[in-house]
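Only one structure is covered here, and it is reproduced in the block below.
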Amino acid sequence: MEVTNNQKREIKMENTANKIEDFLTVRTAAKEFPFSESAIRHMIFLNKEGFKDKVVIKIGKKILLKRKEIISFLYDNSLGGNHA
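Here my numbering runs 20 ahead of the position in the sequence shown, where the first position is 1.
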């Protein structure tokens, strides 16, 4: 059985595709994480510690945040950087 290029592409996309649950709006991120909406927008605007570069996906005017990257950002920028 031979696998075509289209099938290879589909398999690759399935493995790397993010699910819609992996993305949050600023409002839902503020409910899930210990930051207010304005604090999140402030971090995005100032790109504090590279927050915008690591976490934000912008589609038109819509801002989406990557849930896993927010968690990673919090661990990487925690006091002392210790996360056992």
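Quick reminder that beta carbons are idealized off the backbone N, C-alpha and C, glycines included.
Chain C contact for Leu94 (CB, 8 Å cutoff):
No chain C appears in this structure, which consists of one protein chain only.
Please classify Ile77 as buried or exposed, where buried requires at least 16 other C-beta atoms within 10 Å of its C-beta.
exposed
Tell me which residue opens and which closes the beta strand (DSSP E) that Ile77 is part of.
Val76 to Ile79
Mapping DSSP to helix, strand and coil, what is Phe93?
helix
Out of Ile90, Leu84, Asp42 and Leu44, point me to the one whose CA is closest to Lys68's CA.
Ile90
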